[in-house]
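As they're listed, the protein sequences go chains A and B. My numbering puts the first residue of the first sequence at 19, with every later residue one more than the last. My numbering puts the first residue of the second sequence at 19, with every later residue one more than the last. Below you'll find the structure, written out as structure tokens, and then a few comments.
Number of protein chains: 2
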Amino acid sequence: MIKKIERRPRREESLSRERIIEASIALLDEGGEGALTFRSLSERLATGPGAIYGHIANKGDLMAAACDAIFQRTVDVGVAGDSPRDIIRAVALAMFDAMDAHPWVGSALAWNAGQLTMVRILECLGRQLRALGVPAQRHWATVSVLLNYILGVGGQNAGNAQAARAHGGTGASRDAVLGAIADAWMRLDADEYPFVRAVAAQMRAHDDRVDFLAGINLILNGLDAGYAAPPIA
Amino acid sequence: MIKKIERRPRREESLSRERIIEASIALLDEGGEGALTFRSLSERLATGPGAIYGHIANKGDLMAAACDAIFQRTVDVGVAGDSPRDIIRAVALAMFDAMDAHPWVGSALAWNAGQLTMVRILECLGRQLRALGVPAQRHWATVSVLLNYILGVGGQNAGNAQAARAHGGTGASRDAVLGAIADAWMRLDADEYPFVRAVAAQMRAHDDRVDFLAGINLILNGLDAGYAAPPIA
DNA sequence: ACCTGAACACCGTTCAAGT
DNA sequence: ACCTGAACACCGTTCAAGT
């Protein structure tokens with residue numbers, strides 16, 4: 019008799035929190051926020067809707083865990099040797115890219131200060147601020163400005179992605195949405211809305227990532243001038 | 019016979035878009051995001067769920083209109099004679115206060131560039147940037163930084179309000195939530211998370227409105243230094 | 001102990017039927 | 001023309017019943 023190697027059949031990897039989160043991310047990436055359902059999820063996992071509750075508390079918990087998984091490696095992008103400003107820019111861009119690739123993250127992302135990932139990002143950004151010489155009593159206010167800006171852009175991106183999805187496919191529909199807005203702006207009254215009319219062309223052609231980085235730089239530049247109300251213009 | 023003045027009975031103000039939006043805002047203020055339902059709304063308006071669709075397209079439209087109504091007067095806060103920076107601060111604070119008083123606005127607020135209110139805010143902020151001497155080719159990038167920051171803070175406030183509502187009433191529960199987070203931060207590993215531990219106390223005691231204004235000032239200060247990557251630290 | 005899936009109490013939206 | 005409200009196709013969540 020041929021000696022069969024004792025390789026236990028290793029049954030179809032059983033239900034686990036990781037497998038649930040992995041499947042959730044796949045569903046969200048494929049179909050957007052509305053595509054994650056306890057029914058669609060349990061179908062993909064070949065189980066019943068109730069089984070999921072053995073591993074996660076509720077849908078909010080599930081969404082938070084999925085966001086956490088997306089941000090998992092975001093903090094490690096800072097290469098040793100870079101300046102504090104470079105590290106902040108790198109981490110911010112990594113967060114932007116993650117939220118750009120998975121737009122549903124932006125809308126589901128409240129502070130979630132309980133999640134360890136957010137704490138890790140906070141720690142990373144905070145250390146750079148310390149290295150930049152931000153005085154200790156302003157540490158909290160300063161990191162929270164950075165994080166609020168980053169998460170705010172993510173949330174707006176999420177809204178845009180949802181609008182683009184509603185108006186059509188994934189590719190050129192963003193241009194179509196932006197173009198329609200720009201056209202509407204051009205039709206506004208010239209006396210009442212001169213600025214919006216003038217800025218419409220820039221809006222139509224803008225690059226989200228470039229503008230995002232410009233905002234980070236603006237905040238970093240502002241650090242040098244401190245928090246006091248600036249001199250009267 | 020007494021001459022009755024021809025004052026037509028003016029039947030119980032009939033269903034209208036304004037009345038629907040007004041009732042929606044009341045429901046959202048009283049019970050948060052989950053309290054607005056076509057059933058709860060139609061009950062309050064003493065009608066059937068279907069009647070509402072005669073005046074609004076769908077729930078997204080309803081939420082957008084409610085947000086719009088909240089921001090209606092936000093732009094008029096700038097008093098003539100104030101400096102551009104003062105006007106920007108005043109408008110930003112007015113938006114913060116509106117989103118603070120109606121936390122559901124923050125989470126429902128995507129760009130919504132179609133809404134006239136958002137265009138008006140854009141126009142107001144943009145004019146001040148022009149007055150501050152921001153070069154024309156940077157107009158769009160700069161207003162979008164301001165707006166993304168403002169809307170981002172609003173979104174985070176919305177998340178906090180929802181968390182506070184879940185954990186208890188309205189008053190001291192915010193302190194409880196913040197306190198619980200700060201306590202958790204204090205228990206983190208001292209070698210791995212020195213910054214987060216050190217900043218926990220500030221976080222516990224922070225004032226959202228003060229920090230928000232600090233962020234606006236940071237951005238305004240950054241304007242003077244331009245958009246180029248700052249010198250290596 | 002863990003999975004199953006019918007059942008419950010909702011939800012947004014529609015539409016024949018009324019007035 | 002406009003309102004009505006039952007009905008439809010969902011949703012998150014629960015829980016007796018199975019294995």
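Virtual Cβ for every residue (Gly too), placed ideally from N, Cα, C. The structure displayed is predicted, hence computed values, not measured ones.
Output the boundary residues of the alpha helix (DSSP H) element that contains residue i.
i, result
"residue 50 (chain B)", "Taken as a continuous stretch (DSSP letters only), residue 50 (chain B) belongs to no alpha helix (DSSP H), as it is neither H nor E."
"residue 129 (chain B)", "Counting along the chain, residue 129 (chain B) falls outside any alpha helix (DSSP H), and DSSP gives it neither H nor E."
"residue 193 (chain B)", "191-204"
"residue 162 (chain B)", "157-185"
"residue 69 (chain B)", "Note, residue 69 (chain B): premise wrong, no alpha helix (DSSP H); not H, not E."
"residue 61 (chain B)", "56-62"
"residue 212 (chain A)", "212-223"
"residue 228 (chain B)", "226-243"
"residue 151 (chain B)", "Here residue 151 (chain B) belongs to no alpha helix (DSSP H), and DSSP marks it neither H nor E."
"residue 80 (chain A)", "77-89"
Measuring only the C-alpha atoms, how far is residue i from residue j?
i, j, result
"residue 172 (chain B)", "residue 128 (chain B)", "11 Å"
"residue 243 (chain B)", "residue 141 (chain B)", "23 Å"
"residue 196 (chain B)", "residue 212 (chain A)", "44 Å"
"residue 223 (chain A)", "residue 74 (chain A)", "43 Å"
"residue 231 (chain A)", "residue 232 (chain B)", "20 Å"
"residue 249 (chain A)", "residue 34 (chain A)", "Its pLDDT being 46, under 50, residue 249 (chain A) is placed unreliably in this model, and the coordinates cannot settle the point."
"residue 38 (chain A)", "residue 36 (chain B)", "44 Å"
"residue 93 (chain A)", "residue 138 (chain A)", "7 Å"
"residue 241 (chain A)", "residue 154 (chain A)", "13 Å"
"residue 116 (chain A)", "residue 124 (chain A)", "9 Å"
"residue 207 (chain B)", "residue 100 (chain B)", "49 Å"
"residue 63 (chain A)", "residue 56 (chain A)", "10 Å"
"residue 157 (chain B)", "residue 60 (chain B)", "44 Å"
"residue 221 (chain B)", "residue 184 (chain B)", "20 Å"
"residue 21 (chain A)", "residue 72 (chain A)", "Low confidence applies here, because residue 21 (chain A) scores a pLDDT of 33, under 50, leaving its location unreliable; read the following figure in that light. Looking at the two C-alpha atoms, the distance is approximately 40 Å."
"residue 198 (chain B)", "residue 90 (chain A)", "23 Å"
"residue 251 (chain B)", "residue 150 (chain A)", "Because the pLDDT of residue 251 (chain B) is 39, which lies under 50, any placement of that residue in the model is unreliable, and the question is left without a value."
"residue 136 (chain B)", "residue 239 (chain B)", "24 Å"
"residue 205 (chain A)", "residue 218 (chain A)", "10 Å"
"residue 52 (chain A)", "residue 182 (chain A)", "14 Å"
"residue 30 (chain A)", "residue 95 (chain A)", "With a pLDDT of only 49 at residue 30 (chain A), under the threshold of 50, the placement of this residue in the model should not be trusted; the figure read from the coordinates follows. When rounded, the distance between both Cα atoms is 35 Å."
"residue 170 (chain B)", "residue 176 (chain B)", "10 Å"
"residue 40 (chain B)", "residue 32 (chain A)", "51 Å"
"residue 111 (chain A)", "residue 194 (chain A)", "25 Å"
"residue 66 (chain B)", "residue 118 (chain A)", "41 Å"
"residue 209 (chain B)", "residue 152 (chain A)", "21 Å"
"residue 236 (chain B)", "residue 76 (chain A)", "39 Å"
"residue 81 (chain B)", "residue 126 (chain B)", "7 Å"
"residue 257 (chain A)", "residue 109 (chain B)", "This structure does not reach residue 257 (chain A), given that chain A is present from 19 up to 251, and the question cannot be answered."
"residue 78 (chain B)", "residue 200 (chain B)", "36 Å"
"residue 70 (chain B)", "residue 45 (chain A)", "33 Å"
Contact check, residue i vs residue j under 8 Å by CB: the rounded distance?
i, j, result
"residue 300 (chain B)", "residue 179 (chain B)", "This structure does not reach residue 300 (chain B), given that chain B is present from 19 up to 251, and the question cannot be answered."
"residue 203 (chain B)", "residue 192 (chain B)", "So it is not a contact: roughly 17 Å between Cβ atoms."
"residue 162 (chain A)", "residue 86 (chain B)", "The pair is not a contact, with the Cβ atoms about 28 Å apart (cut-off 8 Å)."
"residue 168 (chain B)", "residue 113 (chain B)", "5 Å"
"residue 166 (chain A)", "residue 174 (chain B)", "6 Å"
Does the Cβ of residue i lie closer than 7 Å to at least one heavy atom of the ligand FMN?
i, result
"residue 168 (chain B)", "The ligand FMN is absent from the structure shown, which contains no ligand whatsoever."
Worksheet item: Does the stretch 143-150 of chain B come close enough to the stretch 104-111 of chain B to have 3 or more Cβ pairs within less than 8 Å?
Response: With a cut-off of 8 Å on Cβ pairs, the stretch 143-150 of chain B is in contact with the stretch 104-111 of chain B, counting three or more such pairs.
Discussion item. To be precise: take each residue of the stretch 219-238 of chain A, compare its Cβ to all Cβ atoms of chain B, and keep it if any distance is under 7 Å. Which residues remain?
Written reply: For the stretch 219-238 of chain A, which is checked against every Cβ of chain B, the residues closer than 7 Å are 220, 221, 224, 229, 232, 233, 235, 236, 237 and 238.
Worksheet item: Which residues, taken in chain order from the stretch 135-157 of chain B, show a beta carbon closer than 7 Å to some beta carbon of chain A?
Response: Listed by position along the chain: 137, 140, 141, 144, 145, 148, 150 and 157.
Fill in: Residues in the stretch 166-180 of chain A having any Cβ partner in chain B nearer than 9 Å
So the close ones are 166, 167, 168, 169, 170, 171, 172, 173, 174, 176, 177, 178 and 180.
Worksheet item: When Cβ atoms are compared, which residues of the stretch 109-122 of chain A fall closer than 7 Å to chain B?
Response: From the stretch 109-122 of chain A, no residue has a Cβ closer than 7 Å to chain B.
Item to complete: Pull out every residue of the stretch 84-101 of chain A whose Cβ sits closer than 7 Å to any Cβ of chain B, in chain order.
Response: Taking 7 Å as the Cβ-Cβ cut-off against chain B, the residues of the stretch 84-101 of chain A that qualify are 101.
Discussion item. Residues of the stretch 191-209 of chain B in Cβ contact with chain A at a cutoff of 8 Å, in chain order, please.
Written reply: Cβ contacts with chain A: 199, 202, 203 and 206.
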